[in-house]
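Accompanying notes for the structure given below.
There are 2 protein chains.
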Amino acid sequence: MAKAKKRLSIADLAQELGVSVSTISRALNNAPDVSETTKAQVWELARRLDFQTNTLAAALRSGRSNMLGVVVPHINGAFFPEVVHGIEDLASEAGFNVMICQSNEEVTREEKQIDALLKAQVDGVLVSISATTHTFGHFEKVRQQGVPLVFFDRMPDIPQVCGVVLDDYRGAYQVMEHLLAQGCRRIAHLAGPPLLNTTFQRHRAYREALLAHGLPYEPHLVVQLTESDMAAGAAAMEQLLQLPELPDAVFAAYDFPAGGVLQVLEAHQIRVPEDMAVAGFSNEPFTTMVKPQLTSVDQQARHMGETAVKLFLQMLKRTDNYVGQRIVLKPKVLVRDSSQYGRVAHQALRLTR
Amino acid sequence: MAKAKKRLSIADLAQELGVSVSTISRALNNAPDVSETTKAQVWELARRLDFQTNTLAAALRSGRSNMLGVVVPHINGAFFPEVVHGIEDLASEAGFNVMICQSNEEVTREEKQIDALLKAQVDGVLVSISATTHTFGHFEKVRQQGVPLVFFDRMPDIPQVCGVVLDDYRGAYQVMEHLLAQGCRRIAHLAGPPLLNTTFQRHRAYREALLAHGLPYEPHLVVQLTESDMAAGAAAMEQLLQLPELPDAVFAAYDFPAGGVLQVLEAHQIRVPEDMAVAGFSNEPFTTMVKPQLTSVDQQARHMGETAVKLFLQMLKRTDNYVGQRIVLKPKVLVRDSSQYGRVAHQALRLTR
DNA sequence: ATGAAAGCGCTAACAG
DNA sequence: CTGTTAGCGCTTTCAT
Chain S
1 MAKAKKRLSI ADLAQELGVS VSTISRALNN APDVSETTKA QVWELARRLD FQTNTLAAAL
61 RSGRSNMLGV VVPHINGAFF PEVVHGIEDL ASEAGFNVMI CQSNEEVTRE EKQIDALLKA
121 QVDGVLVSIS ATTHTFGHFE KVRQQGVPLV FFDRMPDIPQ VCGVVLDDYR GAYQVMEHLL
181 AQGCRRIAHL AGPPLLNTTF QRHRAYREAL LAHGLPYEPH LVVQLTESDM AAGAAAMEQL
241 LQLPELPDAV FAAYDFPAGG VLQVLEAHQI RVPEDMAVAG FSNEPFTTMV KPQLTSVDQQ
301 ARHMGETAVK LFLQMLKRTD NYVGQRIVLK PKVLVRDSSQ YGRVAHQALR LTR
Chain X
1 MAKAKKRLSI ADLAQELGVS VSTISRALNN APDVSETTKA QVWELARRLD FQTNTLAAAL
61 RSGRSNMLGV VVPHINGAFF PEVVHGIEDL ASEAGFNVMI CQSNEEVTRE EKQIDALLKA
121 QVDGVLVSIS ATTHTFGHFE KVRQQGVPLV FFDRMPDIPQ VCGVVLDDYR GAYQVMEHLL
181 AQGCRRIAHL AGPPLLNTTF QRHRAYREAL LAHGLPYEPH LVVQLTESDM AAGAAAMEQL
241 LQLPELPDAV FAAYDFPAGG VLQVLEAHQI RVPEDMAVAG FSNEPFTTMV KPQLTSVDQQ
301 ARHMGETAVK LFLQMLKRTD NYVGQRIVLK PKVLVRDSSQ YGRVAHQALR LTR
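Protein sequences, first through last, are from chains S and X.
Here the first sequence is numbered in the UniProt record's numbering, starting from 1 and rising by one per residue.
Here the second sequence is numbered in the UniProt record's numbering, starting from 1 and rising by one per residue.
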């Protein structure tokens, strides 16, 4: 195996072509003030020698790295991967390389990741905060360094943030209206982290929809999930089954717990949706694979990712202290058999909230 | 909003403390030859001023970036995210930052990602190749630059590669033995990309298990999947249903297609496993949420990720032309209701192949 | 249209 | 134990 050869630098190309390094640099960057002939020569030589410009050096000198940092809480399930897809598509189109980091739902890790990104001199940071993020100093730091900061889906509750979110309230409210329209009157809720905007809104919609329909908000019908996986949903359902009076519907803040609910109900031979309707949130692919298929809410993942990048590009163009906008995407409720009596073909809910 | 202040450099710290930059550098890097007192002073000052060492400059100068590049075909499903978790855990423990890239199952993208990683001067590259990777020049380039290269799960068929894979053959063979033991005699196979080592081995095991049991290998019972999602599995099953004589079992190379199979069978009111047994591969979480629960094979995702990092660390320590080893992990067959008549509590298969 | 030269912020000899 | 110094490879004025 060949010993690590010294990589060539633009100086090598310069020497080879008998021009200066600056000419090489300009040619490689397609600067407007280089003659077409030299430019062609340089590119040809670079191609022939398989020259790779050292991005580190370029970034160090220019202050721009052409890298976009992305911090997500995790990449389980379909949502975040799909968002990341959207991000990558648009970002690479715009000439940026994307660096993905997982915070693992831990603030400390999130802080470290942000630090690492900043140190790597990324040109922008896109973040969906962790469930344990209740301090925001690390985000301030990003802004102080003049690095565009865009949030997506999960957004901190601080002023002047730029980002794109789903209208979680609306999505959840529509689910509730649907359940209520189906005749459910004792609806339980499996709630996500109360400090996340997303699950907070879903919970709020749950509550307000009940009240708007003259039903009481009963705290013992609300179970706080500690995880967002199947097991957590199953545990929550077991807990609900201890109640003297059972709910007639369960609305979970995430799909996986809703899946756990279905399992427990089946084990207890409780029919869905006849005895109990079930709905989740996220439109995970598995929701159409379970029986009955799970009612859920589409979160526009891909669109969200693309929008985040667009916001970033906007910030990049504007002045230093431009504070971007906040975009809200419309959710799409997908009514399926787990909540639908009689399996009537059902149009998307038309809501007049 | 504050205007992007100039970030401080070690020169600033040096001036502040009245020492030289090299002392600062050494202190910050915990070099052994710095007095504890100065070291403490430096760290204290750095902390107080919230100094961030510029990794770009450090990497440019030292040639080491403390970054590990990871290229995966995608991050859908649970497998690759889990592997990535394993990688991140061990890598961050060893002081490396992980940069995740998706090839999207496209060689061209894979090549670009590798180039980008190389340009960013990563200290190592961990790759699971795309389904369309049939040329390997980009991997050669990695080696030529002396950058440790480790494959995981999907590995190119070239000599002297270092990596960690699952014993896909064994896993698939065990599934087949299980199906045969259950009395299945006309087993269909939904095959993955024939040029990927993983799915190639699963297919080979399918074939050889049949032959070993005196059964014919019938090409029309093998459907080549074009995607690895539910829809592809559903389409494949519809195709199998056209056969004059139906199979009595379906072994899919991936879980999601197997899920699609279940759906189609249910739509056609074909009972599982009584009329047709079904098995997948990957042990996706949803496999325990469908009804009947899906027999599958655990791929040791986390362990695989950790092993890949260990291999990388080994290569880092060795000489330039050390070619790492190839590690094979044992799969674990998980027999569930989709293939198990009579729902007998079943131990993990004990195999004497 | 091209070249010369000054760094970006840091590390690593080498010298004390 | 600490300081001096020469770059890492590139971009970017400022000249020409």
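We treat Cβ as the ideally placed atom computed from N, Cα and C, and that holds for glycine.
If I measure Cβ to Cβ from residue i and keep anything under 8 Å in the same chain, skipping five residues before and after, which residues do I get?
{"i": "T226/S", "result": "A232"}
{"i": "S20/S", "result": "A14"}
{"i": "R350/S", "result": "Summary for R350/S: the model assigns pLDDT 32, below 50, so the residue's position carries little reliability; its value from the coordinates is reported in the next sentence. Closer than 8 Å at Cβ, skipping near neighbours: no residue."}
{"i": "L28/X", "result": "I10, V42, W43, A46 and T53"}
{"i": "V147/X", "result": "L118, V122, D123, G124 and V125"}
{"i": "N104/X", "result": "P73, H74 and S130"}
{"i": "E106/S", "result": "S130 and T132"}
{"i": "S92/X", "result": "V98"}
Report buried or exposed for residue i, applying the criterion of at least 16 other Cβ atoms within 10 angstroms of its Cβ.
{"i": "H213/S", "result": "exposed"}
{"i": "Y173/S", "result": "buried"}
{"i": "R336/X", "result": "buried"}
{"i": "S35/X", "result": "exposed"}
{"i": "Q102/S", "result": "buried"}
{"i": "D255/X", "result": "buried"}
{"i": "I114/X", "result": "buried"}
{"i": "P285/X", "result": "buried"}
{"i": "T108/S", "result": "exposed"}
{"i": "D298/X", "result": "buried"}
{"i": "T307/S", "result": "buried"}
{"i": "S22/X", "result": "exposed"}
{"i": "T352/X", "result": "A caution first: T352/X carries a pLDDT of 31, below 50, which makes its placement in the model too unreliable to give a value."}
{"i": "A249/X", "result": "buried"}
{"i": "I158/S", "result": "exposed"}
{"i": "V164/X", "result": "buried"}
Just the C-alpha distance for residue i and residue j, rounded to the nearest angstrom, thanks.
{"i": "K330/S", "j": "R61/S", "result": "43 Å"}
{"i": "R204/S", "j": "F79/S", "result": "22 Å"}
{"i": "C162/S", "j": "V150/S", "result": "5 Å"}
{"i": "P257/S", "j": "L262/X", "result": "22 Å"}
{"i": "L186/X", "j": "D168/S", "result": "According to the sequence shown, residue 186/X is Arg rather than Leu. Cα to Cα, the separation comes out at about 49 Å."}
{"i": "K332/S", "j": "L180/S", "result": "18 Å"}
{"i": "K119/X", "j": "Q293/X", "result": "46 Å"}
{"i": "V309/S", "j": "H74/X", "result": "20 Å"}
{"i": "V245/X", "j": "A188/X", "result": "It should be pointed out that residue 245/X corresponds to Glu in this sequence rather than to Val. So the alpha carbons of these two residues sit roughly 11 Å apart."}
{"i": "F281/X", "j": "R271/X", "result": "21 Å"}
{"i": "L166/X", "j": "V175/X", "result": "15 Å"}
{"i": "L195/X", "j": "E266/S", "result": "41 Å"}
{"i": "G63/S", "j": "S25/S", "result": "16 Å"}
{"i": "A322/S", "j": "L313/S", "result": "It should be pointed out that residue 322/S corresponds to Tyr in this sequence rather than to Ala. Their Cα atoms are separated by approximately 12 Å."}
{"i": "K112/X", "j": "T55/X", "result": "23 Å"}
{"i": "D275/X", "j": "K291/X", "result": "15 Å"}
Which whole-angstrom value is the C-beta distance of residue i and residue j, which I expect to be below 8 Å?
{"i": "G305/S", "j": "V83/S", "result": "4 Å"}
{"i": "V70/S", "j": "L13/S", "result": "About 34 Å; that fails the 8 Å criterion."}
{"i": "V278/X", "j": "S338/X", "result": "4 Å"}
{"i": "M289/X", "j": "V264/X", "result": "Contact flag wrong, Cβ pair sits at about 18 Å."}
{"i": "Y341/S", "j": "P273/S", "result": "6 Å"}
{"i": "H220/S", "j": "L241/S", "result": "Not really, about 13 Å apart at Cβ, beyond 8 Å."}
{"i": "G260/X", "j": "M230/X", "result": "4 Å"}
{"i": "L311/X", "j": "G324/X", "result": "5 Å"}
Less than 7 Å between C-beta atoms, sequence neighbours within five positions excluded: which residues of the same chain meet that for residue i?
{"i": "T199/X", "result": "A191, G192, P193 and A253"}
{"i": "R207/S", "result": "Y217"}
{"i": "Q145/S", "result": "L118"}
{"i": "E16/X", "result": "L45"}
{"i": "T38/S", "result": "V19, T23 and A27"}
{"i": "L8/X", "result": "L49 and F51"}
{"i": "residue 364/S", "result": "Past the boundaries of the shown model lies residue 364/S; chain S is included only from 1 to 353, so the question cannot be answered."}
{"i": "Q239/X", "result": "V223"}
Take residue i and list the residues in its own chain whose beta-carbon comes closer than 6 Å to its own, dropping the five residues that flank it on each side.
{"i": "I129/X", "result": "R154 and P156"}
{"i": "Q121/S", "result": "A59 and S65"}
{"i": "N76/S", "result": "none"}
{"i": "V222/S", "result": "H189 and A191"}
{"i": "M99/X", "result": "M67 and G69"}
{"i": "T295/X", "result": "A279, V335, R336, S338 and S339"}
Does the beta carbon of residue i fall short of 7 Å from some heavy atom of the ligand HEM?
{"i": "G233/S", "result": "This structure simply doesn't include the ligand HEM, nor any ligand for that matter."}
| said: With three or more C-beta pairs closer than 8 Å as the rule, is the stretch 140 to 147 of chain X touching the stretch 291 to 308 of chain X? | reply: no
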